[in-house]
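The listed protein sequences correspond, in order, to chains A and B.
Just so we're aligned: 128 in full-length UniProt numbering is position 128 of the first sequence, and the numbers increase by one with no gaps anywhere.
Just so we're aligned: 146 in full-length UniProt numbering is position 146 of the second sequence, and the numbers increase by one with no gaps anywhere.
Heads up, the thing below is written out as structure tokens.
2 protein chains.
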Amino acid sequence: MFSGAQISLYPMTGDFVSVILGALEAIDPYRKRFRIETDDLSTLVVGPPEELFPLMRDLFVAAAKSGVHVVLSATVSRGCPGEPDAEICTPTTDLGRVSQGADAIETSLAAVDAAARTGQTVAAQFSYYPLGDGRHMDEIYAAIDFLKESGVFDRAKNFCTKLRGDAGPVFATLGEAFLNFAPEGAHVALDLTVSANSPTRVR
Amino acid sequence: MFSGAQISLYPMTGDFVSVILGALEAIDPYRKRFRIETDDLSTLVVGPPEELFPLMRDLFVAAAKSGVHVVLSATVSRGCPGEPDAEICTPTTDLGRVSQGADAIETSLAAVDAAARTGQTVAAQFSYYPLGDGRHMDEIYAAIDFLKESGVFDRAKNFCTKLRGDAGPVFATLGEAFLNFAPEGAHVALDLTVSANSPTRVR
């Protein structure tokens, strides 16, 4: 099992470096359980799949507190057969309850309900890619059924689904979609955009 | 057939709105052949698959000419079975020469060699997702063989491949990878990040 993400933060300000560096402190509590590497395009985090979305939530909320328009963009992956198994990625929860159908939705909804609010409103959109078998659309449709009941569903868009709400339930919804709708060994990728403080839509 | 992209531009300046609006003029020549819609997260372009990367190249190079650090992020898709067929998306070239193996690589390399230079150096990384069959890694590995010979290959990263060079051959390489390594009717998605004027690496 290998799981992780390539994460980028884009603060729309000339002072973007200090916003990014300030926000990075928010991931200090995760450093012991993750391998983290940065280059000029993104920061790689490799670690347990169930902690990826909490890590991104804490990073993004810290950046959004700067008040500037800021976007997080990430490519999230688990089970890629081209990556080596890594002990650091051992999940501490059961992954992939898709075979249980409605149960995956129920479990996921309970996790979203339990998510702590952060006080930060965000808009997000993401594409979900269950790879490597013939029934990828079934898994996508099951995940969409969950998303529509999540309480943070905004609308379906071409190629992606849009969410809106408090960062707590939004990132919880993303995490559950990533963890629960493809089998444990499956290759799953998720392409994510999260935005805060946009002047285009203020609420 | 349905093909298009959700595209976002992130200029790292407080004046980001004017950089984005200025760059949008660069896609005027494409408007007749594309359906284009914008919301607070991204701009949807729907049209012929072989014109998606030229459109993004022209948009990004125009934004990069502002001189500020700017990033383009996009989710690109063709053949999604959840989207309706659309006449506007009819390809004018042959798609998907993966069955011809080495020929797909040769055709793609010739297209990259013929790409006009723009004078704008960019760094890019992307993930390529051929969906819905059991041999997706074969298609990924064939595409990687092409990328390594493209002249703009930088390095393999976890979950993605990094390119660097002039925007002309970089976007041509991305376009060929998207068009040529999965069959015509296949569902293919590509998750893209392109950066210019980053202070992290100047060359």
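A virtual CB, placed ideally from N, CA and C, is assigned to each residue, including glycine.
Discussion item. Under DSSP, the alpha helix (DSSP H) around isoleucine 27(A) begins and ends at which residues?
Written reply: Residue 27(A) sits at position 27 when you count from the first residue of the first sequence. Per DSSP, isoleucine 27(A) belongs to no alpha helix (DSSP H) and is neither H nor E.
Discussion item. Within 10 Å of its beta-carbon, does tyrosine 30(A) have 16 or more other beta-carbons around it, so buried, or fewer, so exposed?
Written reply: The residue labelled residue 30(A) in the question sits at position 30 within the first sequence. Buried.
Worksheet item: In this structure, does DSSP put proline 49(A) in helix, strand or coil?
Response: Here residue 49(A) is taken as the residue at index 49 of the first sequence, counted from 1. Helix.
Worksheet item: Within the 8 angstroms Cβ cut-off, does tyrosine 128(B) reach chain A?
Response: Sequence index remark: in the second sequence, residue 128(B) carries index 128 (1-based). Chain A, which has no Cβ nearer than 8 angstroms to the Cβ of tyrosine 128(B), makes this no.
Practice prompt. Specify, as a first and last residue, the run of the beta strand (DSSP E) that leucine 131(A) falls within.
Written response: Working through the first sequence from its first residue, we reach residue 131(A) at position 131. Taken as a continuous stretch (DSSP letters only), the beta strand (DSSP E) holding leucine 131(A) covers 121-131.
Worksheet item: From the DSSP output, which residues share a beta bridge with threonine 43(B)?
Response: Working through the second sequence from its first residue, we reach residue 43(B) at position 43. Answer by DSSP bridge pairing, in chain order: Ile7(B) and Thr38(B).
Discussion item. Let me check understanding here. Comparing Cα to Cα, which of Glu50(B), Leu109(B), Gly67(B) and Tyr10(B) lies closest to leucine 41(B)?
Written reply: For this step, residue 41(B) is matched to residue 41 along the second sequence. Checking every option, the nearest Cα to that of leucine 41(B) belongs to Tyr10(B).
Item to complete: For valine 98(B), name the three-state secondary structure that DSSP assigns.
Response: By one-based count along the second sequence, residue 98(B) stands at place 98. With a pLDDT of only 47 at valine 98(B), under 50, the local geometry of the prediction cannot be trusted, and the value read off the model is given with reservation. Note: valine 98(B) maps to helix in three-state DSSP.
Worksheet item: So which of Phe34(B), Gly168(B) and Tyr141(B) has the shortest CA-CA distance to alanine 156(B)?
Response: Looking up residue 156(B) in the second sequence gives position 156. Answer by Cα proximity: Tyr141(B).
Practice prompt. Answer yes or no: do threonine 92(A) and proline 54(A) have a C-beta to C-beta separation smaller than 8 angstroms?
Written response: On the first sequence, residue 92(A) is found 92 positions in, with the first residue counted as 1. On the first sequence, residue 54(A) is found 54 positions in, with the first residue counted as 1. No, Cβ-Cβ distance for threonine 92(A) and proline 54(A) is not below 8 angstroms.
Practice prompt. Quick one: using the 10 Å Cβ neighbour count with 16 as the cut-off for buried, is threonine 173(A) buried or exposed?
Written response: In the first sequence, counting from the first residue as 1, residue 173(A) sits at position 173. So threonine 173(A) ends up on the buried side.
Worksheet item: Out of curiosity, what's the CA-to-CA distance linking serine 3(A) and proline 183(A)?
Response: As a first step, residue 3(A) is located in the first sequence; it is residue number 3 there, counting from the start. As a first step, residue 183(A) is located in the first sequence; it is residue number 183 there, counting from the start. Distance between the alpha carbons of serine 3(A) and proline 183(A) is about 14 angstroms.
Item to complete: Look at valine 46(A) and leucine 131(A) and say whether their C-beta atoms are less than 8 angstroms apart.
Response: Numbered from 1 along the first sequence, position 46 holds the residue referred to as residue 46(A). Numbered from 1 along the first sequence, position 131 holds the residue referred to as residue 131(A). Not in contact: valine 46(A) and leucine 131(A) (Cβ atoms no closer than 8 angstroms).
Worksheet item: List, in order along the chain, the chain E residues whose C-beta lies closer than 9 angstroms to that of glutamate 83(B)?
Response: Looking for chain E here will not work: the only protein chains present are A and B.
Discussion item. In whole angstroms, give me the CA-to-CA distance for alanine 63(B) and serine 8(A).
Written reply: Within the second sequence, residue 63(B) is the residue found at index 63, counting from 1. Within the first sequence, residue 8(A) is the residue found at index 8, counting from 1. Spanning the two alpha carbons is a distance of roughly 19 angstroms.
Discussion item. Considering Cα atoms alone, identify which of Leu44(B), Leu72(B) and Asp154(B) is closest to valine 19(B).
Written reply: Looking up residue 19(B) in the second sequence gives position 19. When only C-alpha atoms are compared, the closest one is Leu72(B).
Fill in: Proximal residues to serine 99(A) (C-beta, below 8 angstroms), its chain only, five neighbours per side dropped
As a first step, residue 99(A) must be located in the first sequence, where it is residue number 99. Note that serine 99(A) scores 49 on pLDDT, short of 50, meaning its location in the model is unreliable; the coordinates nonetheless yield the value given after this. Here the set comprises Pro183.
Worksheet item: What number of angstroms, rounded off, separates the C-alpha of aspartate 39(B) from the C-alpha of threonine 200(A)?
Response: Here residue 39(B) refers to the residue found at position 39 when the second sequence is read from its first residue. Here residue 200(A) refers to the residue found at position 200 when the first sequence is read from its first residue. The alpha-carbon atoms of aspartate 39(B) and threonine 200(A) are separated by roughly 8 angstroms.
Practice prompt. Grab me the residues of alanine 86(A)'s own chain with a C-beta within less than 6 angstroms of its C-beta, minus the 5 sequence neighbours each way, in chain order.
Written response: Working through the first sequence from its first residue, we reach residue 86(A) at position 86. Within its own chain, the residues whose Cβ lies closer than 6 angstroms to the Cβ of alanine 86(A), once the five positions on either side in sequence are excluded, are Phe2, listed in chain order.
Worksheet item: How would you call arginine 164(A), buried or exposed, if buried means at least 16 neighbouring beta carbons within 10 angstroms?
Response: Position 164 of the first sequence, counted from the start, is the residue given in the question as residue 164(A). When all chains shown are included, arginine 164(A) counts as buried.
Fill in: Residues that methionine 56(B) contacts on chain A, provided the C-beta gap is smaller than 9 angstroms
Numbered from its first residue, the second sequence carries residue 56(B) at position 56. In chain order: nothing, as chain A lies at least about 14 angstroms away.
Discussion item. Determine, for proline 48(A), whether the minimum Cβ-Cβ distance to residues of chain B falls below 8 angstroms.
Written reply: On the first sequence, residue 48(A) is found 48 positions in, with the first residue counted as 1. No, no contact with chain B.
Worksheet item: Helix, strand or coil: which one does DSSP assign to residue 209(A)?
Response: This structure cannot settle anything about residue 209(A), because the visible part of chain A is limited to 1 through 203.
Practice prompt. Flag phenylalanine 16(A) as yes if its beta-carbon sits less than 8 angstroms from any beta-carbon of chain B, otherwise no.
Written response: The sequence position of residue 16(A) within the first sequence is 16, counting from 1. Chain B contact via Cβ: present.
Worksheet entry | Contact belief for alanine 23(B) with leucine 52(B) at Cβ below 8 angstroms, rounded distance in angstroms | Working through the second sequence from its first residue, we reach residue 23(B) at position 23. Working through the second sequence from its first residue, we reach residue 52(B) at position 52. Going by Cβ atoms, the distance from alanine 23(B) to leucine 52(B) rounds to 16 angstroms, so no, they are not a contact pair.
Worksheet entry | With 16 other Cβ atoms within 10 Å as the buried cut-off, status of glutamate 139(A) | For the purposes of this step, residue 139(A) is identified with residue 139 of the first sequence, where counting begins at 1. So glutamate 139(A) counts as buried.
Worksheet item: What number of angstroms, rounded off, separates the C-alpha of isoleucine 144(B) from the C-alpha of phenylalanine 146(A)?
Response: As a working mapping, residue 144(B) is identified with position 144 in the second sequence. As a working mapping, residue 146(A) is identified with position 146 in the first sequence. Roughly 35 angstroms between the two C-alpha positions.
Discussion item. Using 8 angstroms for Cβ pairs, my map puts residue 221(A) next to serine 150(A). What's the rounded Cβ distance?
Written reply: Here chain A covers residues 1 to 203 and nothing more, so residue 221(A) does not appear.
Discussion item. Here's the rule I'm using: 16 or more other beta-carbon atoms within 10 Å means buried, otherwise exposed. How should glycine 67(B) be labelled?
Written reply: Residue numbering aside, residue 67(B) sits at position 67 when the second sequence is read from its first letter. Exposed is the call here.
Worksheet entry | Distance between cysteine 89(B) and threonine 121(A) (C-alpha atoms, nearest Å) | What you label residue 121(A) is simply residue 121 of the first sequence in a count that begins at 1. What you label residue 89(B) is simply residue 89 of the second sequence in a count that begins at 1. Taking the straight line joining both Cα atoms gives about 36 angstroms.
Worksheet item: What are the boundary residues of the beta strand (DSSP E) that glycine 165(B) is part of?
Response: Taking the second sequence and counting its residues from 1, the one referred to as residue 165(B) is at position 165. Where glycine 165(B) is concerned, the enclosing beta strand (DSSP E) stretches over 160-166.
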